[in-house]
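Below is one structure, written out as structure tokens; the observations come after it.
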Amino acid sequence: LHVRSRRQRQMCIRDSPIADKLLVISVLLALASDHMLSYDFAFIPALAIVLREIFISGLRENIASYNFSINVSNLAKWKTTIQLVACGSFLVWRSEQFLYQIDVIAWISHILLWLAALITIITGLEYILKARSCFKEQNN
Numbered sequence: 002l003h004v005r006s007r008r009q010r011q012m013c014i015r016d017s018p019i020a021d022k023l024l025v026i027s028v029l030l031a032l033a034s035d036h037m038l039s040y041d042f043a044f045i046p047a048l049a050i051v052l053r054e055i056f057i058s059g060l061r062e063n064i065a066s067y068n069f070s071i072n073v074s075n076l077a078k079w080k081t082t083i084q085l086v087a088c089g090s091f092l093v094w095r096s097e098q099f100l101y102q103i104d105v106i107a108w109i110s111h112i113l114l115w116l117a118a119l120i121t122i123i124t125g126l127e128y129i130l131k132a133r134s135c136f137k138e139q140n141n
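Quick note: to get the numbering used here, add 1 to the position in the sequence shown (first position is 1).
Quick look at the structure:
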């Protein structure tokens with residue numbers, strides 16, 4: 002955050018979107034491997050988030066090879082924020098040292114995860130449509 006605010010050009014600036022994705026994916030996979038994500042309420046949105054992040058990262062890399070770039074939308078920035086807060090709230094909820102597993106945190110965690118999944122799907126579709134237009138421009 003400090004580097005971003007100063008707009009310094011370092012390696013971490015260019016790789017920070019990938020770092021955000023890796024953080025979200027690794028937390029979700031860790032929660033799933035410890036059976037902390039129930040199948041009914043949390044596994045499905047977590048899977049949607051992981052698959053979208055991997056697919057869109059590959060799509061952005063592919064588009065970059067054609068010297069095109071897709072700007073990050075404000076909704077995508079909110080998506081990342083909500084994903085990180087949802088992951089953090091799951092960790093707090095499942096930790097025995099914080100608030101002793103209060104049910105309110107469980108509901109908040111699940112709502113945030115589903116909201117993040119919904120926004121993830123919307124922004125994923127936006128990226129696909131933008132990529133499609135980039136490829137159409139290249140063919141013309």
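Don't be surprised by glycine CBs; every beta carbon is placed ideally from N, CA and C.
Endpoints, alpha helix (DSSP H) assigned at residue i
i	result
N63	I45 to S66
I106	D104 to N140
V86	N75 to R95
Whole-number beta carbon distance between residue j and residue i, since they are thought to touch under 8 Å
i	j	result
L126	V86	Contact doesn't hold; Cβ gap of about 22 Å is too wide.
L30	F91	Contact doesn't hold; Cβ gap of about 12 Å is too wide.
S110	W94	5 Å
Inter-residue Cα distance where the pair is residue i and residue j
i	j	result
A65	K78	20 Å
F69	S27	29 Å
L130	N140	15 Å
Y128	I83	18 Å
Y67	A132	11 Å
Under 8 Å, with one C-beta from each stretch per pair, do the stretch 119-127 and the stretch 45-57 reach the 3-pair mark? yes
Are at least three pairs of beta-carbons, each pair with one atom in the stretch 52-68 and one in the stretch 20-39, less than 8 Å apart?
-> yes
ask   = Are at least three pairs of beta-carbons, each pair with one atom in the stretch 133-140 and one in the stretch 106-119, less than 8 Å apart?
value = no
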